[in-house]
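Trainee: Attaching a single structure in structure tokens format; questions to follow.
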Amino acid sequence: MRRESMNEDHQRVGEPVQRGRPFSIEVADRVKRIPPYLFARINKLKYEKRRRGDDVIDLGMGNPSDPPQDFIIEKLAEAARDPRNHGYSDSLGLLNLRREVASRYFKHYGVRLDPEREIVVCLGSKEGFSHLCLALLGSGDTAVIPSPSYPPHLFAVALAGGNQIALDVADTDAFLSNIAYTCQHLYPRPKLLVVNFPHNPSTAVVGPEFYVEVVKLAKRYGFMVVSDLAYADVTFDGYKTPSFLAAPGAMDVGVELTTMSKGYNMAGWRVGFCAGNAEIVRALATIKTYYDYGMFQAIQIAAIMALRHGDAAVEAQAKVYEARRDVLCDGLERVGWPVVRPKATMFVWAKIPEPWAAMGSFEFAMKLLEEADVVASPGAAFGPSGEGYVRLALVENENRLRQAVRQIGRCLGGARGGHPVREEVASPGK
0 MRRESMNEDH
10 QRVGEPVQRG
20 RPFSIEVADR
30 VKRIPPYLFA
40 RINKLKYEKR
50 RRGDDVIDLG
60 MGNPSDPPQD
70 FIIEKLAEAA
80 RDPRNHGYSD
90 SLGLLNLRRE
100 VASRYFKHYG
110 VRLDPEREIV
120 VCLGSKEGFS
130 HLCLALLGSG
140 DTAVIPSPSY
150 PPHLFAVALA
160 GGNQIALDVA
170 DTDAFLSNIA
180 YTCQHLYPRP
190 KLLVVNFPHN
200 PSTAVVGPEF
210 YVEVVKLAKR
220 YGFMVVSDLA
230 YADVTFDGYK
240 TPSFLAAPGA
250 MDVGVELTTM
260 SKGYNMAGWR
270 VGFCAGNAEI
280 VRALATIKTY
290 YDYGMFQAIQ
300 IAAIMALRHG
310 DAAVEAQAKV
320 YEARRDVLCD
330 GLERVGWPVV
340 RPKATMFVWA
350 KIPEPWAAMG
360 SFEFAMKLLE
370 EADVVASPGA
380 AFGPSGEGYV
390 RLALVENENR
400 LRQAVRQIGR
410 CLGGARGGHP
420 VREEVASPGK
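This is the structure we're talking about:
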């Protein structure tokens, strides 16, 4: 009887927990500087629809859906069985892994790196960037970032106590001119420039000459540079991503972040690298020494094998994304929503069709979710210059993307007044 009574009194998982009298919790100002999560309402509706059994196609997040190559997974399993790999690791990362990064930089970009002084392994490039901001920025320092902005570029600066100036990347020549103008008219001058090409979310790309000009500006005005090269492996139509570090003098002024998340389908493994200026790398390594004990060694060993033998698989994965891009862009064109075909990244940055432009990106994304069962990222989530756009991720297979296009076509099948969306978008004067 007592056992039954205890079971009856035992709280069921998921039920509200009764707490005592509320206690005042005062969080730090740095937390207050971060705005509410814009995707919360979209995610809530997505989960509600899935609980009801709706087939929601999620193109909102750039989260690769394909697995890593079998040989990478097998090496991880083999290394995980070795008891020597389960202790704390060096926060710099295994030297052999850093050597592979140096080898890849030389092979792909002609850049020579010292793996002992100029490379550090990060728990993904996002962690690397966040800790770089702590290493390089103090209270009141200013960083120039691209706009629209990948949210961690905005908020890692804020969490480090810095201020941001966001410059539009729609015209890369104007972006360079605006950097110079900002440095000439702001005092104190910006301490850090963040560049992110291929760009998330706009998919803008640059050539090697862009980085030559960036280095010239950095030396003229005395700012450091962080290049976020997260999408180096996802390029289309013959375009090849240049490296900032290949520009003459780049090693004097900055570093570059790379990742194995996209090309190698290892997003959840959290493998990234920071390479470049030895002083900046050392500053990042110092911060990391106090924040983490490095990456699980079995993952690092598998990453070594991936870098050593994975080039063909990376190229094949880029072809997969290119085919998906074509399916999505061609399909949207057919239903009357013409979009710019990206040369890189795993996204399509789509201008909202004219009949719905006035509703704004957030409400338009909600419309796609409510009426088409398709999740898109609202452009406003990437800052004011992202308004008027949505970002669609190429993370579903071609058949699912065709299904998404059909559902979007039905959703947008009539503009206000009952005209087909194709006629609205393509009509003269639009």
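Read in order, the letters of the sequence shown correspond to residues 0 to 429 in numbering that gives the first Met the number 0. Every residue gets a Cβ at the ideal spot worked out from N, C-alpha and C, and that includes glycine. Quick caveat, the model's predicted, so the values are computed rather than measured.
Restricting to Cα atoms, I'd like to know which of K43, I407, V205 and V252 is closest to L191.
Mentor: As a first step, residue 191 must be located in the sequence shown, where it is residue number 192. Selected option, being the one with the closest Cα: V252.
Trainee: With a 10 Å radius around its C-beta and 16 neighbouring C-beta atoms as the bar for buried, classify C410 as buried or exposed.
Mentor: Taking the sequence shown and counting its residues from 1, the one referred to as residue 410 is at position 411. C410 is buried by the Cβ-count criterion.
Trainee: Return the chain-ordered list of same chain residues with a C-beta closer than 6 Å to the C-beta of D227, the five sequence neighbours on each side being excluded.
Mentor: In the sequence shown, the residue the question calls residue 227 occupies position 228. Result list for D227: N195 and L256, in chain order.
Trainee: N84 and Q296 - do their beta-carbons sit closer together than 7 Å?
Mentor: In the sequence shown, counting from the first residue as 1, residue 296 sits at position 297. In the sequence shown, counting from the first residue as 1, residue 84 sits at position 85. Yes, the pair counts as a contact, with Cβ atoms nearer than the cut-off.
Trainee: With respect to the alpha helix (DSSP H) encompassing F105, which residues constitute its N-terminal and C-terminal limits?
Mentor: Sequence index remark: in the sequence shown, residue 105 carries index 106 (1-based). In the DSSP annotation of this structure, the continuous segment of the alpha helix (DSSP H) that includes F105 starts and ends at L94 to Y108.
Trainee: Is L153 near the ligand SAH, judged by its Cβ being under 6 Å from some heavy atom?
Mentor: Judged by which ligands are present, the structure shown has none, so any question about the ligand SAH falls away.
Trainee: So the candidates are P247, D140, T181 and V319; which of them puts its Cα closest to the Cα of Y108?
Mentor: Counting from one through the sequence shown, the residue named residue 108 turns up at place 109. The shortest C-alpha separation from Y108 is found at P247.
Trainee: By alpha-carbon positions, which one of A343, G335, S384 and H308 ends up nearest to R324?
Mentor: By one-based count along the sequence shown, residue 324 stands at place 325. Ranking the options by Cα distance to R324, first place goes to A343.
Trainee: Quick check: the region 349-357 against the region 388-399, are at least 3 beta-carbon pairs closer than 8 Å?
Mentor: yes
Trainee: Decide if K261 is buried, meaning its Cβ has at least 16 other Cβ atoms within 10 Å, or exposed.
Mentor: Here residue 261 corresponds to residue number 262 of the sequence shown, with the count starting at 1. Burial call: buried.
Trainee: From the DSSP output, read off the bridge partner residues of Q163.
Mentor: Locating residue 163 in the sequence shown gives position 164, counting from the first residue. According to DSSP, which records beta bridges pairwise, Q163 is partnered with A142.
Trainee: From the DSSP output, read off the bridge partner residues of V254.
Mentor: In the sequence shown, residue 254 corresponds to position 255, counting from 1. The partner list for V254 (beta bridge, DSSP) reads V225 and G275.
Trainee: So, using beta-carbon positions, are D232 and V313 closer together than 7 Å?
Mentor: Taking the sequence shown and counting its residues from 1, one reaches residue 232 at position 233. Taking the sequence shown and counting its residues from 1, one reaches residue 313 at position 314. Yes. Within cutoff.
Trainee: Nearest CA to the CA of K45: which residue from E126, V374, G382 and K287?
Mentor: Within the sequence shown, the letter at position 46 stands for residue 45. The candidate whose alpha carbon is nearest that of K45 is V374.
Trainee: Just reading off the alpha helix (DSSP H) that A157 is part of, what are its end residues?
Mentor: Working through the sequence shown from its first residue, we reach residue 157 at position 158. Taken as a continuous stretch (DSSP letters only), the alpha helix (DSSP H) holding A157 covers P150 to L158.
Trainee: When the Cα atoms are used, what is the spatial distance from P21 to R219?
Mentor: Walking along the sequence shown from the start, residue 21 turns up at place 22. Walking along the sequence shown from the start, residue 219 turns up at place 220. Each residue's alpha carbon lies about 55 Å from the other.
Trainee: How do the region 290-305 and the region 77-93 stand: do at least 3 beta-carbon pairs fall below 8 Å, yes or no?
Mentor: yes
Trainee: Look up L191 in the DSSP assignment and give the residues it is bridged to.
Mentor: Working through the sequence shown from its first residue, we reach residue 191 at position 192. The partner list for L191 (beta bridge, DSSP) reads A142 and M223.
Trainee: What is the DSSP secondary structure of D57, counted as helix, strand or coil?
Mentor: Mapped onto the sequence shown, residue 57 falls at position 58. Residue state, collapsed to three classes: strand.
Trainee: Quick one: using the 10 Å Cβ neighbour count with 16 as the cut-off for buried, is Q183 buried or exposed?
Mentor: For the purposes of this step, residue 183 is taken as the residue at position 184 of the sequence shown. The residue is exposed, with fewer than 16 neighbouring Cβ atoms inside 10 Å.
Trainee: With a cut-off of 8 Å on the beta carbons, I'd call E321 and F243 a contact; round off their distance for me.
Mentor: The residue you call residue 321 lines up with position 322 of the sequence shown. The residue you call residue 243 lines up with position 244 of the sequence shown. Incorrect: roughly 24 Å between the Cβ atoms, too far for contact.
Trainee: If you run the structure through DSSP and keep just helix, strand and coil, what is A76?
Mentor: Reading the sequence shown from its first residue, position 77 is the one you call residue 76. In the structure shown, A76 sits in a helix (DSSP, three-state: H, G or I).
Trainee: Out of curiosity, what's the CA-to-CA distance linking L131 and G335?
Mentor: Within the sequence shown, the letter at position 132 stands for residue 131. Within the sequence shown, the letter at position 336 stands for residue 335. Straight-line Cα distance between these residues: approximately 44 Å.
Trainee: In terms of alpha-carbon separation, which member of P66, Y104 and V55 lies closest to R307?
Mentor: Looking up residue 307 in the sequence shown gives position 308. Ranking P66, Y104 and V55 by CA distance to the CA of R307 puts Y104 first.
Trainee: Should A245 and R116 be called a contact, given that it needs their Cβ atoms to be closer than 7 Å?
Mentor: If you number the sequence shown from 1, residue 245 lands on position 246. If you number the sequence shown from 1, residue 116 lands on position 117. Contact flag unset, no.
Trainee: Taking its Cβ as the centre, do 16 or more other Cβ atoms sit within 10 Å of N199, making it buried, or is it exposed?
Mentor: As a first step, residue 199 must be located in the sequence shown, where it is residue number 200. Buried is the call here.
Trainee: Between which two residues does the alpha helix (DSSP H) containing I118 stretch?
Mentor: Along the sequence shown, read from residue 1 onward, the residue named residue 118 stands at position 119. Unbroken run through I118 is the beta strand (DSSP E), I118 to C121; no alpha helix (DSSP H).
Trainee: Assuming the contact rule is C-beta atoms closer than 8 Å, L216 and I164 should be a hit. Round their C-beta distance to whole Å, please.
Mentor: As a working mapping, residue 216 is identified with position 217 in the sequence shown. As a working mapping, residue 164 is identified with position 165 in the sequence shown. Rounded, the Cβ-Cβ distance is 14 Å, inconsistent with contact.
Trainee: So is D329 buried or exposed if we call it buried at 16+ other beta carbons inside 10 Å?
Mentor: Along the sequence shown, one-based indexing puts residue 329 at 330. When all chains shown are included, D329 counts as exposed.
Trainee: S64 to M259, Cα distance in whole Å?
Mentor: Position 65 of the sequence shown, counted from the first residue, corresponds to residue 64. Position 260 of the sequence shown, counted from the first residue, corresponds to residue 259. Roughly 14 Å separates the two Cα atoms.
Trainee: Rounded to a whole number of angstroms, what is the C-alpha to C-alpha distance between P34 and K125?
Mentor: Counting from 1 along the sequence shown, the entry for residue 34 is found at position 35. Counting from 1 along the sequence shown, the entry for residue 125 is found at position 126. When the Cα atoms are used, P34 and K125 turn out to be separated by approximately 19 Å.
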